[in-house]
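Heads up, the thing below is written out as structure tokens.
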Amino acid sequence: NLRVTGELYSDDFRPDNILTTGVTTTGTLDVTGATTISGAISNLNVSGITTFKDDVQFHGVAGITSISFDKSDNSLKFIDSAIAKFGSDNGLQIYNNGTTSYIKQETSAKPLIIHNTGDLVKITGNNRVEIFDNLIRLRSRDASETFMVATVNSSVDLYHDDDLRFSTAGYGATVFGTTETQKLNVT
Numbered sequence: 006n007l008r009v010t011g012e013l014y015s016d017d018f019r020p021d022n023i024l025t026t027g028v029t030t031t032g033t034l035d036v037t038g039a040t041t042i043s044g045a046i047s048n049l050n051v052s053g054i055t056t057f058k059d060d061v062q063f064h065g066v067a068g069i070t071s072i073s074f075d076k077s078d079n080s081l082k083f084i085d086s087a088i089a090k091f092g093s094d095n096g097l098q099i100y101n102n103g104t105t106s107y108i109k110q111e112t113s114a115k116p117l118i119i120h121n122t123g124d125l126v127k128i129t130g131n132n133r134v135e136i137f138d139n140l141i142r143l144r145s146r147d148a149s150e151t152f153m154v155a156t157v158n159s160s161v162d163l164y165h166d167d168d169l170r171f172s173t174a175g176y177g178a179t180v181f182g183t184t185e186t187q188k189l190n191v192t
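Per the working numbering, the sequence shown starts with residue 6, numbered consecutively.
Printed below as a string of structure tokens:
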């Protein structure tokens, strides 16, 4: 082991020429140039700019790689059930549990907003898209007009120019305003 309690300087330091089983310092260890650190490191604090020029692995509680940066395809990869958390309260979470992918807002009373400053937001599925909630409301971008409101165990209401025009009920449906039809069969 190399133990340094003060400052260590070398004009011609070549780490590959030194065989050690550990370096301990109670001060600052400044390393410049290409440096390889292998083996288990229990606590490494790095300040300043750090550049990684190859794959980087982050190990989780189980000791396996939970997250990795893959240089070959320039991507950050998460294994199943590794969660990306955002916000000081970790409220926004993105993950895949192996069978289902999730984008969740875990903090109550905070909305999850998907916003596009362009013209279109698409939610697509291979065969179907399902929305699960007790109240679904479709409104204009500035929320000044309602298009549709669907309420569990209640009505589905359709609006035109923010005026209620059609509403379902347990007994059928109600049309508000004038109804025009090309053909009407009543039995």
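Ideal Cβ positions, reconstructed from N, Cα and C, are used throughout, including at glycine. Please read these numbers as outputs of a predicted model, since none were measured by experiment.
Taking every protein chain shown into account, the CB of L81 has fewer than 16 other CB atoms within 10 angstroms, so this residue is exposed. Our two residues, V51 and F83, have alpha carbons roughly 23 angstroms apart in a direct line.
With a cutoff of 8 angstroms on beta-carbon distance, F152 and L169 are scored as not near each other. In terms of CA proximity to E150, D166 leads the group T156, D166, D85. Residue pairing by DSSP puts F171 in a beta bridge opposite L163, V180. For A89, the beta-bridge partners assigned by DSSP are I99. Distance from the CA atom of S86 to the CA atom of N101, rounded to whole angstroms, is 6 angstroms.
Under the three-state reduction of DSSP, K76 is assigned to helix. V191 carries a coil assignment under DSSP once its states are collapsed to helix, strand and coil. In the same chain as T70, and ignoring 5 residues on each side of it, the C-beta atoms closer than 8 angstroms to its own belong to Q62, F63, H64, I84, in chain order.
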